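**Q** The sequence shown begins at 117 in the working numbering and counts up one residue at a time.
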Amino acid sequence: MIATDFRSGLERLGDMIAEASVIVPFTGAGISTESGIPDFRSPGGLWARNRPIPFDEFVASQEARDESWRRRFAMQENFAAAKPARGHRALAALYKAGKVPAIITQNIDNLHQASGFALDDVIELHGNTTYATCLGCQKRFEIAWAKDRFDETGEAPSCSECGQAVKTATISFGQSMPEDEMRRAAELARNCDLFMAIGSSLVVWPAAGFPLLARNSGAKLVIINNEPTEQDDIADLVIHHDIGETLGPFVGN
Ligand code: NAD
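1. Quick check: the segment 344 to 357 against the segment 138 to 147, are at least 3 beta-carbon pairs closer than 8 angstroms?
2. Does the segment 283 to 293 come close enough to the segment 240 to 257 that 3 or more CB-CB pairs lie under 8 angstroms?
3. Comparing alpha-carbon positions, which option in 246, 236 and 275 lies nearest residue 254?
4. Within 10 angstroms of its Cβ, does residue 188 collect 16 or more other Cβ (buried), or is it exposed?
5. So, residue 313 versus residue 322, is the Cβ gap smaller than 8 angstroms?
6. Under 8 angstroms by Cβ, that's how I've got residue 118 and residue 348 pegged, so tell me the actual separation to the nearest angstrom.
7. Between residue 203 and residue 315, is the Cβ-Cβ spacing less than 8 angstroms?
8. Are the beta-carbon atoms of residue 157 and residue 292 separated by less than 8 angstroms?
9. Could you give the residue range of the alpha helix (DSSP H) that holds residue 78?
10. Can you give me the Cβ contacts of residue 194 inside the same chain, cut-off strictly under 6 angstroms, excluding the 5 residues immediately before and after it?
11. Within 8 angstroms, do at least three Cβ pairs link the segment 131 to 138 to the segment 299 to 314?
12. Just confirm the distance between the C-beta atoms of residue 216 and residue 140, as a whole number of angstroms; I'd bet it's less than 8 angstroms.
13. Residue 362: buried (16+ other C-beta within 10 angstroms of its C-beta) or exposed?
14. Considering only their Cβ atoms, is the gap separating residue 304 from residue 213 smaller than 8 angstroms?
15. Assuming residue 298 is part of the alpha helix (DSSP H), what are its boundary residues?
16. Buried or exposed: residue 206, going by 16 or more other Cβ atoms within 10 Å of its Cβ?
17. Say yes only if the C-beta of residue 338 is nearer than 7 angstroms to one or more non-hydrogen atoms of the ligand NAD, and no if none qualify.
18. Inspect the beta-carbon positions of residue 260 and residue 182 and report whether they are closer than 8 angstroms.
19. In terms of residues, what are the limits of the beta strand (DSSP E) holding residue 175?
20. For residue 234, does the count of other Cβ atoms within 10 angstroms reach 16, so buried, or fall short, so exposed?
21. Which residue wins for smallest C-alpha separation from residue 336, given the options 345, 352, 176 and 344?
22. For the ligand NAD, which residues have a Cβ under 5 angstroms from at least one heavy atom, in chain order?
23. Tell me the start and end of each unbroken beta strand (DSSP E) in the segment 256 to 301 that is at least 3 residues and wholly inside, in chain order.
24. CA-CA distance, residue 123 and residue 270?
25. Does DSSP put residue 195 in a helix, a strand or coil?
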């Protein structure tokens, strides 16, 4: 059901949150635009500027790796300055209140952790861009280390241990999904009574399957997004409105 006006949608959302005992939020890039990180698909979003670099291209081509790292460094100021916004803080408040056991996110910006979720309670389906790992031996590297290497050599960095390519710890198109995270996300979706999809266009699969799975497992589904999504039809409540304004009342003190 699409909320006809914002006020009644907000009231209904408040009732659904109060009535639920296990709430699982599922977030996308839209929750972080208020933190100054552009999303992919809004006008002016990252896709309007850059075609994504698929995983096989990153592995095969030094040029693709260089370009990928150049784009990452260009975003560093945004990522470094970003602070949790009202949406992140509202979800963290529900987590602290014991209503939210863990959060599923497509985001790679670390802002749910920064808002107060324990690291283990943030299920990152697409990884994390605030650090990097070696594709060969999984050794962890910091972004500042990668930047120093890039500035020194003019090329994307390779591992100081095994020599393989170093990549931000994110999942690119064509890269396999993290198994443990997929399993935990499915478990959460199957075992909640309210599932909230927030700030996602719900077009990136398999991640977009989780709202559907929750709904089919008996949970109520809420979608909060500026624009319509393909799953609006199956949701119990759809709020087409700004996330900060919608979740702001749930931030608490
Ligand atoms: P998306 O860009 O496809 O969709 C974001 C949606 O959020 C859009 O439909 C947009 O209308 C909506 N939105 C933006 N700001 C909003 C606001 N303030 N209030 C309400 N709605 C708002 O994002 P996605 O579905 O997460 O898929 C993109 C992929 O890109 C993800 O897999 C993610 O890994 C990655 N990504 C992550 C970040 C991040 O970590 N912050 C940023 C860009 C892209």
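Cβ atoms here follow ideal geometry from the backbone N, Cα and C, with glycine treated the same way.
None of these values were measured; they are calculated from a predicted model.
**A** Working from what's here:
1. No, the segment 138 to 147 does not touch the segment 344 to 357.
2. At 8 angstroms Cβ cutoff, the stretches touch.
3. Sequence index remark: in the sequence shown, residue 254 carries index 138 (1-based). In terms of Cα proximity to residue 254, the closest of 246, 236 and 275 is 275.
4. Locating residue 188 in the sequence shown gives position 72, where the first residue counts as 1. Buried.
5. Working through the sequence shown from its first residue, we reach residue 313 at position 197. Working through the sequence shown from its first residue, we reach residue 322 at position 206. No, these two residues do not count as a Cβ contact at 8 angstroms.
6. Translated into the one-based positions of the sequence shown, residue 118 becomes position 2. Translated into the one-based positions of the sequence shown, residue 348 becomes position 232. At roughly 6 angstroms, the Cβ-Cβ gap stays under 8 angstroms, so residue 118 and residue 348 are in contact.
7. Position 87 of the sequence shown holds residue 203. Position 199 of the sequence shown holds residue 315. Yes, the pair counts as a contact, with Cβ atoms nearer than the cut-off.
8. The residue you call residue 157 lines up with position 41 of the sequence shown. The residue you call residue 292 lines up with position 176 of the sequence shown. Not a contact, by the Cβ cut-off of 8 angstroms.
9. Look at the range of the chain in this structure, 117 to 369, and you will see that residue 78 is not part of it.
10. Your numbering for residue 194 matches position 78 in the sequence shown. Excluding sequence neighbours, residue 194 sits near 152 and 153.
11. At 8 angstroms Cβ cutoff, the stretches touch.
12. Reading the sequence shown from its first residue, position 100 is the one you call residue 216. Reading the sequence shown from its first residue, position 24 is the one you call residue 140. About 7 angstroms separates the two Cβ atoms, so the contact holds.
13. Along the sequence shown, read from residue 1 onward, the residue named residue 362 stands at position 246. Buried, by the Cβ-count rule.
14. The residue given as residue 213 occupies position 97 in the sequence shown. The residue given as residue 304 occupies position 188 in the sequence shown. It is not a contact, given that the beta carbons lie outside the stated cut-off.
15. In the sequence shown, residue 298 corresponds to position 182, counting from 1. Where residue 298 is concerned, the enclosing alpha helix (DSSP H) starts and stops at 295 to 306.
16. For this step, residue 206 is matched to residue 90 along the sequence shown. Under a 10 Å Cβ-count criterion, residue 206 is classified as buried, with 16 or more other Cβ atoms of the shown protein chains found around its own Cβ.
17. Within the sequence shown, numbered from 1, the residue matching residue 338 stands at position 222. No - the ligand NAD has no heavy atom lying nearer than 7 angstroms to the Cβ of residue 338.
18. On the sequence shown, residue 260 is found 144 positions in, with the first residue counted as 1. On the sequence shown, residue 182 is found 66 positions in, with the first residue counted as 1. For the 8 angstroms CB-CB criterion, residue 260 and residue 182 do not form a contact.
19. To locate residue 175, count along the sequence shown from 1; it is residue 59. Per DSSP, residue 175 belongs to no beta strand (DSSP E); it is in the alpha helix (DSSP H), 171 to 176.
20. For the purposes of this step, residue 234 is taken as residue 118 along the sequence shown, with counting starting at 1. Residue 234 comes out exposed.
21. Taking the first residue of the sequence shown as position 1, residue 336 is located at position 220. Closest by alpha carbon: 352.
22. Residue list for the ligand NAD: 144, 145, 146, 148, 149, 153, 155, 156, 157, 158, 222, 223, 224, 225, 242, 315, 316, 317, 320, 341, 342, 343, 358 and 359 (CB closer than 5 angstroms to any heavy atom, chain order).
23. 282 to 286, all fully within the segment 256 to 301.
24. Position 7 of the sequence shown, counted from the start, is the residue given in the question as residue 123. Position 154 of the sequence shown, counted from the start, is the residue given in the question as residue 270. Near 54 angstroms, if we compare the C-alpha coordinates of residue 270 and residue 123.
25. Here residue 195 is taken as the residue at index 79 of the sequence shown, counted from 1. Per DSSP, reduced to three states, the secondary structure at residue 195 is helical.
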